[in-house]
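Residue numbers (my numbering): 27 to 271.
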């Protein structure tokens, strides 16, 4: 199981939201690339990036910061937020982004996910409110069950599914393990948990399930409720095959 530290970008700064609300943004850094360097030093193999402005605008909005992060670290980067066409996918691939995250577009145009998977390594982001898929930067709730959408991407070349319980995201209320397992079982695709991670108890619970491929850690790091360095060490001790620096 991989731990993927998160950097959410808003107006060029690293922020965290509570339950996906833009007005709740708390700024943690004016130089997001420095965070990426810090994660690398701690032993991370990945960084999870989200262009929050892009998620609402439907097009890249924090490109300069993304370029700086790519320039200043050797980590694998996965990126989502505002990716709506193949030109944007290819642009990010050319920039050196290892995995492209497709969210709202996956619900609206699932065939696009298959197209994108032919030119990039793709993860589908399934964000849920009360079990239903949230779209447009979590501003809207669809009528599609998250598990039904997960089934749609069982055999189309998607590398991973990132599932977020929006109601827990940024709350430090604990990760929704049952929801994560439902998505993993519905899709049969490597599933990465997101939303609500607080401390080592969450890391241990996900690892114990033996069905979760990764977990995204955001506010727990920024607010100091989880020691990331110790979390990396713990996971690697339990699973020596996990990626390491």
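Virtual Cβ for every residue (Gly too), placed ideally from N, Cα, C.
- In this chain, the beta strand (DSSP E) harbouring residue 28 covers 28-36.
- In this structure, DSSP gives residue 92 a helical state, which the three-state scheme calls helix.
- Boundaries of the beta strand (DSSP E) around residue 44: 39-44.
- Per DSSP, reduced to three states, the secondary structure at residue 174 is helical.
- The beta carbon of residue 205 is closer than 8 Å to those of 154, 157, 172, 189 and 191 in its chain, skipping five residues each way along the sequence.
- Sequence-distant partners of residue 51 (beyond 5 residues in either direction) whose C-beta falls short of 7 Å from its own C-beta, in its chain, are 36, 41 and 43.
- Only residues of its own chain outside the window of five on either side were considered, and among them 42, 196 and 198 have a CB closer than 7 Å to the CB of residue 245, listed in chain order.
- Burial is judged here by how many other beta carbons sit within 10 angstroms of a residue's own beta carbon; residue 194 has at least 16 and is buried.
- Bridge pairing for residue 129: absent [DSSP].
- Within the stretch 198-236, the complete alpha helix (DSSP H) segments of 4 residues or longer fall at 203-213 and 226-235, listed in chain order.
- Around the Cβ of residue 81, a 10 Å sphere holds 16 or more other Cβ atoms; the residue is buried.
- Residue 209 is positioned such that its CB atom lies closer than 7 Å to that of residue 176.
- For the pair residue 106 and residue 83, the CB atoms are not nearer than the 7 Å cut-off.
- Around the beta carbon of residue 236, fewer than 16 other beta carbons lie within 10 angstroms, which makes this residue exposed.
- Apart from sequence neighbours up to five positions away, the residues of its chain that approach residue 100 with a beta-carbon distance below 7 Å are 66, ordered along the chain.
- Excluding five sequence positions before and after residue 63, the CB atoms of its chain that fall closer than 8 Å to its own CB belong to 98 and 99, given in chain order.
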